[in-house]
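So, in structure tokens, the structure goes:
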């Protein structure tokens with residue numbers, strides 16, 4: 003998958019502290035100001051950059067000089083909820099903040115910073131009035147749902163958000179334990195080499211290799227690959243490929259030449275089957291933050307639905323399955339383990 007081209011953080015023309023910063027504007031002043039849909043900030047070359055409502059932006063940290071470039075993680079990140087102005091030179095935005103893990107830990111001591119990646123941010127319900135002179139560049143923070151089997155893939159140096167902070171309640175949502183390995187330790191994309199993911203609807207969780215047990219039954223490579231496919235994302239039932247074919251109503255069973263195929267998988271393209279046979283993994287050594295979850299799950303779902311109802315494979319199946327993402331050319335296969343919840347091979 004090609005990497006997205008990222009814009010560099012631009013700097014303001016004058017290397018001095020912004021005239022207006024945070025918290026100076028009062029609620030009463032804010033209420034008297036007219037609303038706007040956008041504002042423009044010029045970079046050091048005079049090029050205009052437009053910011054609009056609901057966009058996310060990098061914001062210069064308090065005390066930092068705008069003429070100096072900083073690492074992206076050094077900037078504050080906020081979502082623009084409202085824009086108001088006293089005049090053309092005095093423009094403000096109501097910003098909803100993304101907090102760093104360290105900032106969350108300062109108000110919730112039980113929040114473990116070591117389980118977060120350096121590009122992780124937490125969406126808070128904390129707002130501030132911020133002068134538009136503090137805005138540096140547009141930002142993107144991907145929402146990352148660890149239990150989602152269709153999670154969009156993003157680069158390891160891309161900002162992402164797994165949790166929300168309710169500031170006054172001092173609460174993190176969803177509960178961190180909801181997505182943590184059964185050992186209680188959450189997945190850290192910067193630290194954990196390989197996490198094994200079980201796609202079963204009742205599981206939808208990733209586990210550290212060191213927390214998993216190996217299967218007691220010895221299987222050859224062909225049998226293992228088949229068991230991986232049979233860890234279906236669409237059902238918790240332990241259904242084999244043959245079970246799915248045999249469960250079709252008679253009127254839906256395929257007739258003609260296909261009935262002579264000894265292995266039902268032979269009717270599918272080799273690339274699709276190979277993608278479905280992969281272990282579902284993520285981590286530093288396993289395809290990045292999101293890994294190959296989406297690609298492998300999509301392949302298994304196509305095979306499952308086709309076998310279950312006897313339908314033909316969609317002609318555009320290659321648009322639905324990223325085979326390259328499912329089978330990274332440089333990744334070695336991982337040891338085989340058993341899901342601690344459903345006992346499927348993962």
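In this note's numbering, the protein residues as written are 3 to 348.
Idealized CB from N, CA, C, for every residue including glycine.
For clarity, every value in this text was computed on a predicted model and none was experimentally measured.
Discussion item. So, at 6 Å on beta carbons, what are the nonlocal neighbours of residue 229 in its own chain, with the 5 sequence-adjacent residues on each side left out?
Written reply: As a position in the chain shown, residue 229 is number 227, starting the count at 1. Non-local C-beta neighbours of residue 229 in its own chain, meaning closer than 6 Å and more than five positions away in sequence, comprise 347, ordered along the chain.
Worksheet item: Should residue 151 and residue 291 be called a contact, given that it needs their Cβ atoms to be closer than 9 Å?
Response: On the chain shown, position 149 is the one that residue 151 refers to. On the chain shown, position 289 is the one that residue 291 refers to. No; because the gap between Cβ atoms is not below 9 Å, this pair is not in contact.
Worksheet entry | residue 241, DSSP secondary structure in three states | One-based indexing of the chain shown puts residue 241 at position 239. Coil.
Worksheet item: Any idea what DSSP makes of residue 308, helix, strand or coil?
Response: The residue you call residue 308 lines up with position 306 of the chain shown. Per DSSP, reduced to three states, the secondary structure at residue 308 is helical.
Worksheet item: What residue from 158, 241, 316 and 77 has the CA that sits closest to residue 288's CA?
Response: Counted from its first residue, the chain shown places residue 288 at position 286. Of 158, 241, 316 and 77, the smallest CA-CA separation from residue 288 is found for 158.
Practice prompt. Could you tell me how far apart the beta carbons of residue 281 and residue 210 are, in whole angstroms, since I believe they sit closer than 8 Å?
Written response: As a first step, residue 281 must be located in the chain shown, where it is residue number 279. As a first step, residue 210 must be located in the chain shown, where it is residue number 208. In this structure residue 281 is not in contact with residue 210, their Cβ atoms being roughly 14 Å apart against a cut-off of 8 Å.
Worksheet entry | Rounded straight-line distance, which links the Cα of residue 245 to that of residue 330 | Indexing the chain shown from 1 puts residue 330 at position 328. Indexing the chain shown from 1 puts residue 245 at position 243. Annotation: residue 330 to residue 245 spans about 30 Å, alpha carbon to alpha carbon.
Discussion item. I'd like to check one pair, residue 94 with residue 134: are the Cβ atoms closer than 9 Å?
Written reply: Taking the chain shown and counting its residues from 1, one reaches residue 134 at position 132. Taking the chain shown and counting its residues from 1, one reaches residue 94 at position 92. Yes, they are a contact pair.
Item to complete: Would you mind sorting residue 180 into buried or exposed? The rule is 16 or more other CB atoms within 10 Å of its CB.
Response: Counting from one through the chain shown, the residue named residue 180 turns up at place 178. Its Cβ having fewer than 16 others within 10 Å, residue 180 is exposed.
Discussion item. Applying the 10 Å Cβ sphere with the 16-neighbour rule, what's the burial state of residue 293?
Written reply: Here residue 293 refers to the residue found at position 291 of the chain shown. Buried, since its Cβ has 16 or more Cβ neighbours within 10 Å.
Practice prompt. Could you tell me which of 153, 86 and 66 sits nearest to residue 31, measuring between CA atoms?
Written response: As a first step, residue 31 is located in the chain shown; it is residue number 29 there, counting from the start. Considering only alpha carbons, the answer is 86.
Worksheet item: Leaving out five residues before and five after residue 345 in sequence, what residues of the same chain have Cβ atoms less than 6 Å from its Cβ?
Response: The residue labelled residue 345 in the question sits at position 343 within the chain shown. The beta carbon of residue 345 lies closer than 6 Å to none in the same chain, with the five residues before and after it left out.
Worksheet item: Going by other Cβ atoms of all chains shown within 10 Å of its Cβ, with 16 needed for buried, is residue 71 buried or exposed?
Response: Working through the chain shown from its first residue, we reach residue 71 at position 69. Residue burial annotation: residue 71 is exposed, with fewer than 16 other C-beta atoms found within 10 angstroms of its C-beta.
Worksheet item: Which full runs of the alpha helix (DSSP H) of 4+ residues lie inside the region 23-88, going along the chain?
Response: Complete alpha helix (DSSP H) runs here, min 4: 29-34.
Practice prompt. Compare the beta carbon distance of residue 322 and residue 300 with 9 Å and say whether it is the shorter of the two.
Written response: Residue numbering aside, residue 322 sits at position 320 when the chain shown is read from its first letter. Residue numbering aside, residue 300 sits at position 298 when the chain shown is read from its first letter. Yes, Cβ-Cβ distance for residue 322 and residue 300 is below 9 Å.
Item to complete: Please name the residue, chosen from 97, 145, 103 and 116, that lies closest to residue 131 on a Cα-to-Cα basis.
Response: Locating residue 131 in the chain shown gives position 129, counting from the first residue. Ranking 97, 145, 103 and 116 by Cα distance to residue 131 puts 97 first.
Item to complete: Thinking residue 80 and residue 100 are a contact (beta carbons under 8 Å), I'd like their distance in whole angstroms, please.
Response: Sequence index remark: in the chain shown, residue 80 carries index 78 (1-based). Sequence index remark: in the chain shown, residue 100 carries index 98 (1-based). The beta-carbon distance between residue 80 and residue 100, rounded to whole angstroms, is 6 Å. This is short enough to meet the 8 Å contact definition.
Item to complete: Just mark residue 227 as buried or exposed, buried being the case when its beta carbon has 16 or more other beta carbons within 10 Å.
Response: Within the chain shown, the letter at position 225 stands for residue 227. Under this definition residue 227 is a buried residue.
Worksheet entry | The alpha helix (DSSP H) enclosing residue 139, as first and last residue numbers | The residue labelled residue 139 in the question sits at position 137 within the chain shown. In the DSSP assignment, residue 139 falls outside any alpha helix (DSSP H) and lies within the beta strand (DSSP E) extending over 137-140.
Worksheet item: Are residue 176 and residue 203 touching if we call contact CB-CB under 9 Å?
Response: Counting from 1 along the chain shown, the entry for residue 176 is found at position 174. Counting from 1 along the chain shown, the entry for residue 203 is found at position 201. Contact flag unset, no.
Fill in: Residues near residue 143 by beta carbon distance below 7 Å, same chain, minus five either side
Counting from 1 along the chain shown, the entry for residue 143 is found at position 141. Around residue 143: 58, 79, 100, 123, 161, 162 and 163.
Worksheet item: How far does the alpha helix (DSSP H) with residue 322 in it reach, from first residue to last?
Response: Mapped onto the chain shown, residue 322 falls at position 320. Start and end: 319-322.
Practice prompt. Write down every uninterrupted run of the beta strand (DSSP E) in the region 131-193 whose length is 3 residues or greater and which is fully enclosed by it, in chain order.
Written response: Unbroken beta strand (DSSP E) stretches of 3 residues or longer found wholly inside the region 131-193: 137-140, 166-168 and 173-175, given in chain order.
Discussion item. For a quick check, are the C-beta atoms of residue 214 and residue 340 less than 9 Å apart?
Written reply: Residue numbering aside, residue 214 sits at position 212 when the chain shown is read from its first letter. Residue numbering aside, residue 340 sits at position 338 when the chain shown is read from its first letter. Yes, they are a contact pair.
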